[in-house]
Every structure is written in C-alpha cells, then in structure tokens.
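The next block holds one structure in the form of structure tokens; read it before the comments.
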Amino acid sequence: MAEDDPYADKRRRLLDEIEQDARDTAFWTGRKAFSGRTMAAIAAVPRHEFVQPGDEVVAYINRPQPIGHGQTISQPFIVALMTDLLDLNGTEKVLEIGTGCGYQAAVLSRVAARVHTVEVVEELGRAAGDRFKRLGVDNVYVRIGDGYAGWPEEAPFDAIIVTAAPARIPDALIRQLRPGGRMILPVGRAHDRQTLTRVVKTADGRVRTEPVLSVAFVPMVSARPNDREKKAND
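In our numbering, the protein residues as written are 1056 to 1289.
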C-alpha cells in the first residue's frame, strides 16, 4: 500500500476487524484465522472503487453498503470468509453468481486463475465489467443472465460462490461443480433465517453440505423468461 494512499489507515483497521471477527466466529466457522492469501487479496482490492459515488468515505467500514437496484456490496468479513472457505490455491476456475458491483469477483481474481461471474441486473453487470477494465482486472469474465442457470458452457468449475440467497441450492450449480469442488452460498428465504452453507462434491459425485453461519443476504432472483442473455464484456 502506497504511503500517499488516503485509505491506507482505514484499510488497515478493516483488516484488524476482519481478523477479530474471524476469531469471534471460529466456534461456528471452524476458522479462527483466514489464510494469508485471502487477507492479502482483501488488502489489495480498493473497496472504495466499488461503492456508490459519495460512499467512498465509508467503503472500509466492516458492513454492507447499498449499490443500487436493491442490491448491496457484502460486508468485508463475509467476503473474506466466503473466499477462504473455497480453499483456493490459485489454479482454479471459479463461478460467481451475483456480480453486483464486482468487489467479490475482484477479490477472487487474486486467489484464482479465472473467475466467471453472472449478474441478472444488466446495469450492474455492465458497470462491473467496465470497472474491471479500468482497474486492470483481466481474469474476470462477466455474463448478464440468470444465475440459476449458472454458466454451463464453461463448466465444470473448481469452485462456485453465490452472493445472494436462493431458497435451496440450485440443481444447475451442483451439476456445474466438478467432483472434488467446493461451493459456498447463503441458503434461505428473504426476511427469514438464512444459513451460509458449504457444499462439497465428492470424487464419486455425491454432495455433502455443511452449515457455517447464520447470515442475511438479498434474495437470489431469476431473470424473466424472455430476458436475453448477453455478455457484459462485449
């Protein structure tokens, strides 16, 4: 971090808070500390570039922020936790459902080889694609479309992350997860109990689910049947 970075102190405080939150939730998550790679990715991604204009001053507060269209940029601790639970080593192809502003995908871009991300709200997806280009994030690929369908042309994926809550785990995403792969997502209805859930697909194709933590996410929404899929990078 550059010495003249006006956000450097706020970023350092945020990292300290994430580390404390990890310790405080370790009983449920099983992780009292996140990997150095996860924390380095959080430190490197300029969160102030992903919030709405005028919200830069609160970008490094450890809480979600609205980004328009009824969506939010997730709490940094949750971004770190979900990233860490994927156990990435840098060689993986990852699918993200729910691009939003692009912050989670930008973090993933630093710990995975390729990130394919699907966003149902066209304005958000295109803005995220433009943001990735401006910031030089060149291993993230954005599609405008229905997250419930995943991205079958690029399957299978080594890991899948979902940043909005479906009522149950979508079958298409399970099919697109390779054997040995991991998925992390919140499961539950809006305004009801949601559980951050880790899904592991065994080598023989069986699926094991592990509850992690009670959370509150925006609901996962489906595109209208007549919506036409478009790539935001076009």
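Beta carbons: idealized from backbone N, C-alpha and C, even for Gly. Bear in mind the structure is a predicted one, so any value in this text is a computation, not a measurement.
- Residue range of the unbroken beta strand (DSSP E) whose run includes residue 1106: To locate residue 1106, count along the sequence shown from 1; it is residue 51. That residue, residue 1106, is in no beta strand (DSSP E); it is neither H nor E in DSSP.
Q. Where does residue 1164 land, buried or exposed, given buried means 16+ other C-beta within 10 angstroms?
A. Along the sequence shown, read from residue 1 onward, the residue named residue 1164 stands at position 109. The residue in question, residue 1164, is buried, as its Cβ has 16 or more Cβ neighbours within 10 Å.
Practice task
Using DSSP bridges, identify the partner residues of residue 1196.
Solution key: Translated into positions along the sequence shown, residue 1196 becomes position 141. The partner list for residue 1196 (beta bridge, DSSP) reads 1171.
Cβ shell of residue 1192 (< 7 Å), same chain only, five flanking positions each side left out | Looking up residue 1192 in the sequence shown gives position 137. Answer for residue 1192: 1161 and 1164, listed in chain order.
Problem set entry | Stretch-stretch touch, CB-based, cutoff 8 Å, three pairs: the segment 1106-1125 with the segment 1233-1245 | no
Compute the minimum distance between the beta carbon of residue 1200 and the heavy atoms of the ligand HEM, and state whether it is under 8 Å. As for the ligand HEM, it is missing from this structure, which has no ligand bound.
*asked:* Here's the rule: buried if 16 or more other CB atoms are within 10 angstroms of the residue's CB, otherwise exposed. What is residue 1206?
replied: Sequence index remark: in the sequence shown, residue 1206 carries index 151 (1-based). Residue 1206 comes out buried.
*asked:* Let me make sure I understand the geometry here. Which of 1198, 1077, 1215 and 1208 has the alpha-carbon closest to that of residue 1130?
replied: By 1-based counting over the sequence shown, the position of residue 1130 is 75. Nearest option by C-alpha distance: 1077.
Can you name, in chain order, every residue of its own chain whose Cβ lies under 6 Å from the Cβ of residue 1186, other than the five neighbours on each side?
Within the sequence shown, numbered from 1, the residue matching residue 1186 stands at position 131. Cβ within range, chain order: 1157.
From this set, 1183, 1190, 1174 and 1065, which residue's C-alpha is nearest residue 1218's C-alpha? In the sequence shown, counting from the first residue as 1, residue 1218 sits at position 163. Nearest option by C-alpha distance: 1174.
- prompt: Can you give, in chain order, each stretch of the alpha helix (DSSP H) that sits fully within the segment 1076-1149 and has at least 4 residues?
  reply: 1081-1084, 1091-1099 and 1131-1140
With respect to the beta strand (DSSP E) encompassing residue 1215, which residues constitute its N-terminal and C-terminal limits? Working through the sequence shown from its first residue, we reach residue 1215 at position 160. Per DSSP, residue 1215 belongs to the beta strand (DSSP E) from 1212-1217.
Worksheet item: Any idea if residue 1096 is buried or exposed, counting beta-carbon neighbours within 10 angstroms, 16 or more meaning buried?
Response: For the purposes of this step, residue 1096 is taken as residue 41 along the sequence shown, with counting starting at 1. Per the 10 Å Cβ criterion, buried.
| request: Just the C-alpha distance for residue 1115 and residue 1066, rounded to the nearest angstrom, thanks. | output: Stepping through the sequence shown from its first residue, residue 1115 is reached at position 60. Stepping through the sequence shown from its first residue, residue 1066 is reached at position 11. Each residue's Cα considered, the two are about 6 Å apart.
- So, are the CB atoms of residue 1136 and residue 1080 less than 9 Å apart? Position 81 of the sequence shown, counted from the first residue, corresponds to residue 1136. Position 25 of the sequence shown, counted from the first residue, corresponds to residue 1080. In contact: residue 1136 and residue 1080 (Cβ atoms closer than 9 Å).
### Task
Tell me, to the nearest whole angstrom, how far the beta carbon of residue 1257 is from that of residue 1248; I am working on the premise that it is less than 8 Å.
Translated into the one-based positions of the sequence shown, residue 1257 becomes position 202. Translated into the one-based positions of the sequence shown, residue 1248 becomes position 193. Actually they do not touch by this definition, with Cβ atoms about 27 Å apart.
Since residue 1235 is in the beta strand (DSSP E), which residue starts that stretch and which ends it? In the sequence shown, the residue the question calls residue 1235 occupies position 180. Note, residue 1235: beta strand (DSSP E), 1232-1242.
- Query: Are the CB atoms of residue 1183 and residue 1145 nearer to each other than 9 Å?
  - Reply: The residue labelled residue 1183 in the question sits at position 128 within the sequence shown. The residue labelled residue 1145 in the question sits at position 90 within the sequence shown. With respect to residue 1145, residue 1183 sits apart: the two C-beta atoms are not nearer than 9 Å.
| query | Cα-Cα, which of 1070, 1254, 1176 and 1202 is closest to residue 1101? | reply | Along the sequence shown, read from residue 1 onward, the residue named residue 1101 stands at position 46. Ranked by Cα distance from residue 1101, the first of 1070, 1254, 1176 and 1202 is 1070.
* To do: Could you tell me whether the Cβ atoms of residue 1194 and residue 1169 are closer together than 9 Å?
  => Residue 1194 sits at position 139 when you count from the first residue of the sequence shown. Residue 1169 sits at position 114 when you count from the first residue of the sequence shown. The answer is yes: Cβ separation under 9 Å.
Looking at the unbroken beta strand (DSSP E) that takes in residue 1265, where does it start and where does it end? For the purposes of this step, residue 1265 is taken as residue 210 along the sequence shown, with counting starting at 1. Taken as a continuous stretch (DSSP letters only), the beta strand (DSSP E) holding residue 1265 covers 1262-1270.
- Closer than 6 Å by C-beta to residue 1159: which residues in its own chain qualify, once you throw out the five before and the five after it? Chain order, please. Numbered from 1 along the sequence shown, position 104 holds the residue referred to as residue 1159. The answer, listed in chain order, is 1134 and 1218.
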